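Every letter in the sequence shown is one number past the one before it in our numbering, and letter 164, counting from 1, is 169. Glycine is no exception: its CB is placed at the ideal position from the N, C-alpha and C atoms. In this text, all values refer to a predicted model and were calculated from it rather than measured experimentally. This report refers to the structure that appears directly beneath it.
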Amino acid sequence: MARLGEVPFARYYGSVDATPLFVMPMGAYYARTGDLDTVRRLWPNVMAELRWIDTSGDPDRDGFVEYHRQRETGLINQGWKDSVVAIFHAYDELANGPIALCEVQGYVFAGKRHAATLALALATTAARLEAEAEILRQKFVAVFWCEELPTYALALDGEKRPCQVIASNAGHALLTVIAAPDRAERVAATLMGVGCFSGCRPASASNSIIAPARSGSTARDSGSFIEHLHIRGLRLGDADADVLFHRFAGEVAAP
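Have a look at this one:
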């Protein structure tokens, strides 16, 4: 039935974040276990992932990993918010691709830093990976930061315009530590503000320049729960974020 298009469950590889999210856990696994044999066995896969990040994942070579569907049947949005209306500018204008998501740049940054650690353990060159990660961090901070919000933009659209929207995606910049240290607390404060953090909604609906959650998107995309990654990231910028989250989570779970 999937091959005939009767059900939407055919094999599909439109996921821009899966590649850097392979490299990140490899680094975390080694840090936790010290299992160098597994790292050595999977190192060719890690290198293949990094090559994809630098080539196919960044076709215009601007330093940011981005996505753009290749056929009409493909997903328009290929991050964890994958509804057709998930990525947008203020005032409800949908973003056109190729799209570079905020959180994906953080995954790439963390992935390259983890890969550098693995390279050292394998007695191979790590300096290039560390340098590439730092270049990405500096570029990300310069291009994605929106002083007037203040937080990092949800994404860059195909014209490299930042989507100046307060969304929980920026919490991943704290988790992956790509956020500038002097701005981490400001991002956490913005995301924990009343307009954004009201019932754990991943997009603000209180600010007049912020587009509200729109019809047709799923709860995961635009209006219900922040996943654990966001909260772990917020803890890096705001010591009270974890307590506040669990208070709200308890209210949501209560009968």
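Supposed contact pair residue j and residue i - C-beta distance, whole angstroms, cut 8 Å
| i | j | result |
| --- | --- | --- |
| residue 117 | residue 106 | 17 Å between Cβ atoms; not a contact. |
| residue 110 | residue 145 | 5 Å |
| residue 104 | residue 163 | 7 Å |
| residue 84 | residue 21 | 6 Å |
| residue 157 | residue 136 | That belief does not hold up - the Cβ atoms of residue 157 and residue 136 are roughly 22 Å apart, past 8 Å. |
| residue 82 | residue 91 | 5 Å |
Option in the options with minimal Cα separation from residue i
| i | options | result |
| --- | --- | --- |
| residue 31 | 160, 18, 46, 19 | 46 |
| residue 78 | 91, 16, 152, 142 | 16 |
| residue 87 | 19, 172, 175, 189 | 19 |
| residue 148 | 161, 71, 136, 93 | 161 |
| residue 26 | 120, 197, 175 | 120 |
| residue 41 | 123, 50, 7 | 123 |
| residue 166 | 143, 190, 99, 172 | 99 |
Pairwise C-alpha distance: residue j and residue i
| i | j | result |
| --- | --- | --- |
| residue 155 | residue 75 | 34 Å |
| residue 226 | residue 80 | For residue 226, the predicted structure reports a pLDDT of 47, less than 50, and the residue's modelled location is therefore unreliable. A value from the coordinates is still provided. Each residue's Cα considered, the two are about 14 Å apart. |
| residue 114 | residue 187 | 18 Å |
| residue 192 | residue 108 | 13 Å |
| residue 56 | residue 43 | 20 Å |
| residue 190 | residue 72 | 29 Å |
Residues near residue i by beta carbon distance below 7 Å, same chain, minus five either side
| i | result |
| --- | --- |
| residue 220 | Residue confidence is low: residue 220 scores 43 on pLDDT, short of 50, so the model does not pin down where it sits. No coordinate-derived value is stated. |
| residue 112 | 22, 25, 26, 29, 181 |
| residue 131 | 121, 124, 125 |
| residue 69 | 63, 105, 110, 161 |
| residue 175 | 107, 156, 157, 192, 196 |
Opening and closing residue of the alpha helix (DSSP H) in which residue i lies
| i | result |
| --- | --- |
| residue 45 | 41-59 |
| residue 140 | 132-149 |
Same chain only: Cβ atoms within 6 Å of residue i, ignoring 5 sequence neighbours per side
| i | result |
| --- | --- |
| residue 213 | Note on residue 213: pLDDT 36, under 50, position unreliable in the model; the coordinate value appears next. Here the set comprises nothing. |
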